[in-house]
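Counting in the numbering used here, the sequence shown runs from 138 upward without gaps.
A virtual CB, placed ideally from N, CA and C, is assigned to each residue, including glycine.
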Amino acid sequence: MNPSKCAFGVTSGKFLEFIIRQQGIEFEKAKIDAILRMLEPRNIYELKSLQGKLVYLRRFISNLVSRCQPFSRLMKKDVPFEWDAACNKVFKSIKSYLMKPPVFVAPNLGRSLILYVAAHEHFVGILLVQKNHEGKENDLY
Numbered sequence: 138m139n140p141s142k143c144a145f146g147v148t149s150g151k152f153l154e155f156i157i158r159q160q161g162i163e164f165e166k167a168k169i170d171a172i173l174r175m176l177e178p179r180n181i182y183e184l185k186s187l188q189g190k191l192v193y194l195r196r197f198i199s200n201l202v203s204r205c206q207p208f209s210r211l212m213k214k215d216v217p218f219e220w221d222a223a224c225n226k227v228f229k230s231i232k233s234y235l236m237k238p239p240v241f242v243a244p245n246l247g248r249s250l251i252l253y254v255a256a257h258e259h260f261v262g263i264l265l266v267q268k269n270h271e272g273k274e275n276d277l278y
């Protein structure tokens, strides 16, 4: 272990570009701001840049694959890049979602776990949650 890279007795810290706190795991505000500042992609290169940023945050954006379905059409070879209303709607919904991002928390022993499963022809999605003392469901990591 390199002592200059260790932190002891801290309440929060940055680890692999994520913020680790007692309340849970969050991602850096700068990562969200980079997406929120983006304008609608005008070409495939800007769309790839957006998708790269979203992939980095994929653990925090529920249902990302199906949300970004309209973008997939634009990524196909020999398809002209035409940003339409469906793409715009997805882009705005992702930005809106990122305004209040979720925080992943550690499970609380003694409380029941809830597993949500969504199955589709091409993918399966799961979410593990636990109700907190207020009755609100928290995503678990």
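- Judged by DSSP in its simplified three-state form, Ala223 adopts helix.
- When the alpha-carbon of Phe197 is set against those of His270, Leu265, Asn269, Gly272, the nearest one is in Leu265.
- By the Cβ criterion, the region 252-269 is not in contact with the region 222-238, since fewer than three pairs of Cβ atoms, one from each stretch, lie closer than 8 Å.
- Take Ile263, set aside five residues on each side of it, and the residues of its chain with a beta-carbon closer than 8 Å to its own are Leu252, Tyr253, Val254, Ala255, in chain order.
- Contact check for Ile181 against Leu211 passes: the beta carbons are separated by less than 8 Å.
- Pairing Met175 with Leu187 gives a Cβ-Cβ distance under 8 Å.
- Exposed is the label assigned to Pro140, since fewer than 16 other Cβ atoms lie within 10 Å of its Cβ.
- Judged by DSSP in its simplified three-state form, Ile263 adopts strand.
- In this model, Lys273 and Gln267 are separated by some 8 Å (Cα to Cα).
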